[in-house]
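In this text, residue positions in the sequence shown follow my numbering: the first is 2, and each later residue adds one. Structure, as structure tokens:
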Amino acid sequence: MTQGKTILILGGGIGGIVAAKRLRKGLPQEHRVVLIEREERYAFAPSFLWLMVGLRTRDKIVRSFAKLKRLGVEHIRGEVTRIDPMGREVEVNGKVISGDYLVVALGAAFVPETIPGLVEGGHNLYTLEGAERLSEARLKFRQGRMVILVSALPFKCPAAPYEAAMLLEYDCRKRKLRGSIAIDVFSPEPGPMPVAGPEVSQQVRQMVEGNGIGYHPGHAVERVEPEARRIHFANGSSAEYDLLVYVPPHRVPQVVKEAGLTGESGWVPVDRHTLETRFPGVYALGDVTGIMLTMGKPLPKAGVFAHGEAEVVAANLIHAITGEGELRSFDGHGECFLEVGDGKAGFGEGNFYADPTPQIRLHSPNRALHFGKVAFEKFWLFEF
Ligand SMILES: Cc1cc2nc3c(=O)[nH]c(=O)nc-3n(C[C@H](O)[C@H](O)[C@H](O)COP(=O)(O)OP(=O)(O)OC[C@H]3O[C@@H](n4cnc5c(N)ncnc54)[C@H](O)[C@@H]3O)c2cc1C
């Protein structure tokens, strides 16, 4: 008879939740599935974009972890303060917890404070509270220049700042303020979503500019002057703003770095098909990983990849523990909806592991795709 195993899943975001649910479903009860998460509730980040323009409220996109507990996942609320990947143990709330397997799904940490003036001067689009404050600020904003700023690379969901710009533009039009509000996007990228290839990048740029939004690639922010409402860039230029919306700089969580799990990229290197780290029995998935593509750029950070990777890790752990099911390999396939305003969305899909470059196709925006995105949100939140 197999001895009961313990799988510790660190992080209850998209990757951690999918891994926990799949493992619990596939493993007999003598095995423990433990999910460690510091937040009390889970918030569905893709919906922050709708919340920012008043199309969602907090209660519609936030869920408690109670259902996971009902499914039999042990949920520990607490901050992971130490990870020992050799010993496969972690410290949470001052207690050491040991496992047979570790799944590190701690995501990316936001560090807006590393850019002087950014926190004081702008609204963080990437947190629930930031998106809520932005929604309030947008209602008071009736004229001037709105700037959407990508503050550093890499950042999760490469489409999000462009979707945000187009949704905000649509919101201004709906409120009959478009004539008095200018909208600009500044980014250090050479173009939108460059990993998806020049054709897709050009298509997205045309959508943005087609809505009268100014696009300024190659602009890496150095500092913000909140009083003067001015952004200074590394290329020597500067830009004025009246309302600043930003994507914060991302870093690997400190506890992951201290565990010695990171590599040259600053993120966690893993086998790109199994997600195993260089420590046997220790897996990492989602935003915390750094997976280099053949083209020399990293796999974008996105929920769709965290989800797919979690399914692979769970299937392979079930196979390793019970001998049941099939071994799986993550194949780099991904897709995402791209909200463009006017109740429409586009849809990008393809294989990011294709050699020598990812093969991605972007379907033109229409209403059906927007409803597809809404349906996906409802499905995810219902399932949770
Ligand atoms: C505005 C916005 C829109 C987006 N839209 C899309 C989209 O349309 N499609 C898409 O595919 N992706 C989208 N994303 C990206 C997607 O949300 C992330 O890529 C995805 O959540 C990554 O999953 P993850 O499990 O790796 O990390 P996360 O979901 O970030 O989860 C990490 C978890 O770890 C917890 N944690 C961190 N450190 C500790 C610690 N020390 N102790 C305990 N817990 C800790 C965090 O609280 C968090 O819950 C969007 C993101 C944003 C911000």
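Using N, Cα and C, we set each Cβ at its ideal position, and we do this for glycine too.
Relative to ligand 1, the nearest heavy atom lies less than 8 Å away from the CB of Glu80.
In the displayed model, Tyr163 falls within a helix according to three-state DSSP.
For Val120, the uninterrupted alpha helix (DSSP H) run begins and ends at 119 to 122, by DSSP. Bounds of the beta strand (DSSP E) holding Asp85 are 81 to 85.
Taking all protein chains shown into account, Asp60 has fewer than 16 neighbouring C-beta atoms within 10 Å of its C-beta and is therefore exposed. For Asp60, there is no enclosing beta strand (DSSP E); the enclosing alpha helix (DSSP H) has its first and last residue at 59 to 62. Leaving aside the five residues that flank His251 on each side, the residues in its chain whose CB is nearer than 6 Å to its CB run, in chain order, Ala109, Phe156.
If you compare the alpha carbons of Ile292, Leu9, Thr58 with that of Val196, the shortest gap goes to Ile292. DSSP places Ser136 in the helix class (H, G or I) of the three-state scheme.
Pairing Gly122 with Glu226 gives a Cβ-Cβ distance under 9 Å. With a cutoff of 9 Å on beta-carbon distance, Leu103 and Val91 are scored as near each other. The residues Gly27, Ala316, Ile319, His320, in chain order, have a CB closer than 7 Å to that of Gly326 in the same chain once the five nearest residues on each side in sequence are set aside. For the pair of segments examined, the region 296 to 307 was found not to touch the region 275 to 283: the number of CB pairs separated by less than 8 Å stays below three.
Glu170 and Thr115 have their alpha carbons spaced roughly 29 Å apart. Of Gly351, Ala153, Leu56, the smallest CA-CA separation from Glu340 is found for Leu56. Per the coordinates, the alpha-carbon of Leu36 lies some 46 Å from the alpha-carbon of Ser238. In this structure, DSSP gives Phe372 a helical state, which the three-state scheme calls helix. By the neighbour-count criterion, in which a residue is buried when 16 or more other Cβ atoms sit within 10 angstroms of its Cβ, Asp288 is buried.
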